[in-house]
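Engineer: Would you mind keeping the following structure in view while I ask a few things?
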Amino acid sequence: METSARREPTLLTPRQIFARLDAYVIGQEAAKRAVAIAAYNHLKRIEARRHRRGTLLKKSNMLLIGPTGSGKTHIARQLADILSVPFTTVDATEYTEAGYYGKDVEMMVAELLIRANHVVEDAQRGIIFIDEVDKIARRSQGARNGAGSRDIGGEGVQQALLKLLEGRDVQVPIQVSAGWNRSDTVALDTRDVLFICAGTFSDLFGDGEDGHRRSLGFNAVDGPPRRRVLRTRELVDYGMMAEFLGRLPVVVQLHLLGEDDLLRVLVEPPDAITREYRELLALDDVSLTFREDALREVVRFSVSRGLGARGLRSVLEHVMADVMFEAPERRARSVVVDRGFVHERLKTADDAVAAAAH
Ligand SMILES: Nc1ncnc2c1ncn2[C@@H]1O[C@H](COP(=O)(O)OP(=O)(O)O)[C@@H](O)[C@H]1O
Ligand SMILES: [Mg+2]
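If you want it as structure tokens, here you go:
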């Protein structure tokens, strides 16, 4: 009793984790709750293991499913921040099964170790975010899901990942460079590493390359189409191995963000882009105001180009370019960004923004 009372304050509760995610991640309520619970269970499991108690608790590795720009990477990164653990993102398509040309999956762990400034104990509690796992679907299904363009079957990569996800000792190169010496390795245990896999699984939603394309029309505004809940069966049919999915017990779906959500993304989080601009200009003694309808224009432009949340920054950058250029000469003045201003600026935006967002 006494020990648990002493331990309690250090272990964030699901509610606390949720609250901190909530400040930075707009919408996606169900996803934030599920991630908060999974993260809490993860912490409890680590705690139990640390006290050398046998534990039945399984790893809470997660699979995040959602369209491009819905916040999959964002939510994982925020979680790492909240838990104060090292974080690395890797792309599943860059890896191959051992023996083939390409990276071995162990290199993911090496990258985490770098993020942990080479402190093994820290890396062992870190988070590895594996993006694009839908692209390592089994090849026999490839004709339908596009994975067929890979030379080496994704199944081998899924296979190679099984042990890593579950937890085992890996020999990790200390220096990840072209000519690293095989002998320069360190043992790292992935049993407490949290793996968060992510993919769009677009084809399962019948909305093409990503969710935004289809939402070009009216229902972009308030009717995100991806509300359907996927079943494990569908993921297996898609080409994910049952054993692979079995090691990702927490499946979380994120939805396409609507216009109102994207507007909130621009202004609400403590690190929101508009706050950043206000701070930048304040340093030049310029006070900056964004009108709401101006920001809505930015959102609409980004959505209409299929860029969604991902395009917000580059669209706003384009809008603000001249203001930023002239800022030092506008000392002690105020700048109001209104709808007309945005509209005018966006007439020339297409090429610049498209280039920046891809
Ligand atoms: N739900 C959200 N709340 C706040 N910002 C978001 C959200 N979703 C996306 N963003 C912003 O858009 C950017 C791209 O999102 P990202 O997490 O990379 O999308 P995904 O990984 O799902 O493709 C993030 O860096 C973040 O700034
Ligand atoms: Mg991402």
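Going by my numbering, the letters in the sequence shown line up with residues 4 to 361, in that order.
Virtual Cβ for every residue (Gly too), placed ideally from N, Cα, C.
(1) In the structure shown, what three-state DSSP assignment does Ile29 receive?
(2) Just to check, is the beta-carbon of His346 closer than 7 Å to a non-hydrogen atom of ligand 1?
(3) List the residues that DSSP assigns as beta-bridge partners of Pro176.
(4) Note the first and the last residue of the continuous alpha helix (DSSP H) segment covering Ser205.
(5) Determine the burial state of Asp134: buried for a count of at least 16 other Cβ atoms within 10 Å of its Cβ, exposed for fewer.
(6) Count the other C-beta atoms from every protein chain shown that fall within 10 angstroms of the C-beta of Met171, then say buried if there are 16 or more, exposed otherwise.
(7) For Tyr192, which residues from the same chain have a beta carbon less than 6 Å from its beta carbon, with the 5 sequence-adjacent residues on both sides left out?
(8) Return the chain-ordered list of same chain residues with a C-beta closer than 8 Å to the C-beta of Leu24, the five sequence neighbours on each side being excluded.
(9) Which residue from Leu67, Ala330, Leu291 and Leu269 puts its Cα closest to that of Ile131?
(10) If distances are taken between C-alpha atoms only, which option among Phe247, Leu238 and Gly129 comes closest to Leu46?
(11) Residues near ligand 2, CB to any non-hydrogen atom under 7 Å, in chain order?
(12) Do Val175 and Ala95 have their beta-carbon atoms positioned less than 8 Å apart in this structure?
(13) Looking at C-alpha atoms only, which residue of Ile199, Ile177 and Val196 is the closest neighbour of Val189?
(14) Less than 8 Å separating the beta-carbons of Pro17 and Tyr43?
(15) Starting from the C-beta of Leu266, find all residues in its chain whose C-beta is less than 7 Å away, skip the five residues before and the five after it, and write them out in chain order.
(16) Fully enclosed by the segment 235-274, which beta strand (DSSP E) runs are 3 residues long or longer?
(17) Roughly how many angstroms lie between the CA atoms of Val254 and Arg334, to the nearest whole one?
(18) Counting only the same chain and skipping the five closest in sequence on each side, list residues whose C-beta sits under 6 Å from that of Tyr27.
(19) Considering only their Cβ atoms, is the gap separating Ile276 from Leu319 smaller than 8 Å?
(20) Return the chain-ordered list of same chain residues with a C-beta closer than 7 Å to the C-beta of Arg336, the five sequence neighbours on each side being excluded.
(21) Which of the three DSSP states is assigned to Leu66 in this structure?
(22) Excluding the 5 residues flanking Arg76 on each side, which residues of the same chain have their C-beta closer than 8 Å to its C-beta?
(23) Between the C-alpha atoms of Phe208 and Arg55, what's the straight-line distance to the nearest angstrom?
(24) Anyone know if the C-beta pair for Asn64 and Leu257 falls short of 8 Å?
(25) Just list the residues that DSSP pairs Phe198 with in beta bridges.
(26) Please state whether the Cβ-Cβ distance between Val123 and Leu115 is less than 8 Å.
(27) Could you compute how far the alpha carbon of Arg344 sits from the alpha carbon of Arg141?
(28) Could you work out which residue in Leu260, Glu332, Asp287 and Ala285 is closest to Gly311 when comparing CA atoms only?
Structural biologist: Taking the geometry as given:
(1) In the sequence shown, the residue the question calls residue 29 occupies position 26. Ile29: coil per DSSP, three-state reduction.
(2) One-based indexing of the sequence shown puts residue 346 at position 343. No, Cβ of His346 sits at least 7 Å from all heavy atoms of ligand 1.
(3) In the sequence shown, the residue the question calls residue 176 occupies position 173. Pro176 is bridged to Thr188.
(4) The residue you call residue 205 lines up with position 202 of the sequence shown. It spans Ser205 to Phe208 - the alpha helix (DSSP H) in which Ser205 sits, taken as one unbroken run.
(5) Residue mapping note: residue 134 aligns to position 131 of the sequence shown, counting from 1. Buried, by the Cβ-count rule.
(6) Residue numbering aside, residue 171 sits at position 168 when the sequence shown is read from its first letter. According to the sequence shown, residue 171 is Arg rather than Met. Exposed, because fewer than 16 other Cβ atoms sit within 10 Å of the Cβ of Arg171.
(7) Taking the first residue of the sequence shown as position 1, residue 192 is located at position 189. Checking the sequence, you will find Asp at residue 192 rather than Tyr. Gln127 and Asp172, listed in sequence order.
(8) Counted from its first residue, the sequence shown places residue 24 at position 21. Leaving aside the five residues that flank Leu24 on each side, the residues in its chain whose CB is nearer than 8 Å to its CB run, in chain order, Lys35, Val38, Ala39, Ile78, Gln81, Leu82 and Ile85.
(9) The residue given as residue 131 occupies position 128 in the sequence shown. For Ile131, the nearest C-alpha among the options comes from Leu67.
(10) Within the sequence shown, the letter at position 43 stands for residue 46. Residue Gly129 is the option with its Cα nearest to Leu46.
(11) Lys75, Thr76, Asp134 and Ala201
(12) Reading the sequence shown from its first residue, position 92 is the one you call residue 95. Reading the sequence shown from its first residue, position 172 is the one you call residue 175. In this structure, Ala95 keeps its C-beta atom at 8 Å or more from the C-beta atom of Val175.
(13) Position 186 of the sequence shown holds residue 189. When only C-alpha atoms are compared, the closest one is Ile177.
(14) As a first step, residue 17 is located in the sequence shown; it is residue number 14 there, counting from the start. As a first step, residue 43 is located in the sequence shown; it is residue number 40 there, counting from the start. Cβ atoms of Pro17 and Tyr43: closer than 8 Å.
(15) The sequence position of residue 266 within the sequence shown is 263, counting from 1. Leu298, Arg299 and Val302.
(16) 253-256
(17) As a working note, residue 254 is residue 251 in the sequence shown. As a working note, residue 334 is residue 331 in the sequence shown. Distance between the alpha carbons of Val254 and Arg334 is about 51 Å.
(18) By one-based count along the sequence shown, residue 27 stands at place 24. If we look at Tyr27 and ignore the five residues flanking it on each side, its Cβ neighbours are Gln81 and Pro272.
(19) What you label residue 319 is simply residue 316 of the sequence shown in a count that begins at 1. What you label residue 276 is simply residue 273 of the sequence shown in a count that begins at 1. Cβ atoms of Leu319 and Ile276: closer than 8 Å.
(20) Along the sequence shown, one-based indexing puts residue 336 at 333. Here the set comprises Val289.
(21) Here residue 66 refers to the residue found at position 63 when the sequence shown is read from its first residue. It is a strand residue.
(22) On the sequence shown, position 73 is the one that residue 76 refers to. First, the residue type needs correcting, since residue 76 is Thr and not Arg in the sequence shown. Once the five neighbours on either side are set aside, the close Cβ partners of Thr76 are Thr92, Phe132, Asp134 and Ala201.
(23) In the sequence shown, the residue the question calls residue 208 occupies position 205. In the sequence shown, the residue the question calls residue 55 occupies position 52. Between Phe208 and Arg55, the C-alpha separation is close to 44 Å.
(24) Within the sequence shown, numbered from 1, the residue matching residue 64 stands at position 61. Within the sequence shown, numbered from 1, the residue matching residue 257 stands at position 254. Not in contact: Asn64 and Leu257 (Cβ atoms no closer than 8 Å).
(25) For the purposes of this step, residue 198 is identified with residue 195 of the sequence shown, where counting begins at 1. Paired residue(s): Ile131.
(26) By one-based count along the sequence shown, residue 123 stands at place 120. By one-based count along the sequence shown, residue 115 stands at place 112. No, the pair does not count as a contact, with Cβ atoms beyond the cut-off.
(27) The count along the sequence shown starts at 1 and reaches residue 344 at position 341. The count along the sequence shown starts at 1 and reaches residue 141 at position 138. Correcting the residue type first, residue 344 is Phe in the shown sequence and not Arg. Roughly 50 Å between the two C-alpha positions.
(28) The residue given as residue 311 occupies position 308 in the sequence shown. Of the listed residues, the one whose Cα sits closest to Gly311 is Leu260.
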